[in-house]
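> This note's numbering numbers the first residue of the sequence shown as 3 and each following residue consecutively. Sharing a structure, written as structure tokens. Questions coming.
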Amino acid sequence: MPKILQYLLNTCLIVLAILLSYQLLHEIWEFIRLVLSSESRDYKLFLANILIFFLYFEFLTMIVKYFKEDYHFPLRYFLYIGITAMLRLIIVEHEHPIDTLIFSLVILVLIVCYFIINVTPRDRPKNFWLSQRKE
């Protein structure tokens, strides 16, 4: 049963990768059309399209890493996607200052999580505050 589920998951991820690739190419086309268009010079739309492109790109990269790392999703890619999505929200929807502050705090939390993930036991100094014992 686990092998059947693994094959089903792999098949679904391949289909998802194909759909995301199509959307990525569509975003490239929209981006080129936006750059060459002389009627609209909205920088928010321009930046939003760039960030949407990076979101598609990060999802595709995560799927490729899944297959390269023996069917394992690295957590840091989810953090990259979350940070990029929050940046897009700040750029596109920044009318309400409280929402922008909350989005900024979410980015801060994601960056702190990324830092915690990257600090491995062998990289920690001997007097790291989490591993200290009170004697």
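Think of the CB as a built atom: it goes at the ideal place given N, C-alpha and C, for glycine as much as any other residue.
I'd like the list of long-range same chain contacts for Y58, defined as Cβ closer than 7 Å, with 5 residues on each side in sequence excluded.
For Y58, where only same-chain residues beyond five positions count, the Cβ hits under 7 Å are L22, Q25, L26, E29.
> Which two residues bound the contiguous alpha helix (DSSP H) that contains F2?
The structure shown does not extend to residue 2, since the chain is modelled only from 3 to 137, so the question has no answer here.
> Could you check which residue in F80, K5, I92, L47 has the C-alpha nearest to that of I113?
Closest option to I113, Cα to Cα, is F80.
> Please report the residue range of the alpha helix (DSSP H) in which V114 lies.
From DSSP, the alpha helix (DSSP H) with V114 extends over 99 to 120.
> Kindly confirm or deny that the region 41 to 56 and the region 76 to 90 touch, where touching means at least three C-beta pairs closer than 8 Å.
Short answer: they touch.
> Which residues mark the beginning and the end of the alpha helix (DSSP H) in which Y165 is found?
Nothing can be reported for residue 165: it is not among the residues displayed for the chain, which extend from 3 to 137.
> Report yes if the CB atom of R78 is closer than 8 Å to the CB atom of Y116, and no otherwise.
Cβ atoms of R78 and Y116: closer than 8 Å.
> What are the boundary residues of the alpha helix (DSSP H) that Y73 is part of?
Neither: Y73 is in no alpha helix (DSSP H) and is coded neither H nor E.
> Cutting at 8 Å between CB atoms, please list the residues of its own chain near I118, excluding the five before and the five after it.
Counting only Cβ-Cβ distances below 8 Å, and skipping sequence neighbours, we find nothing.
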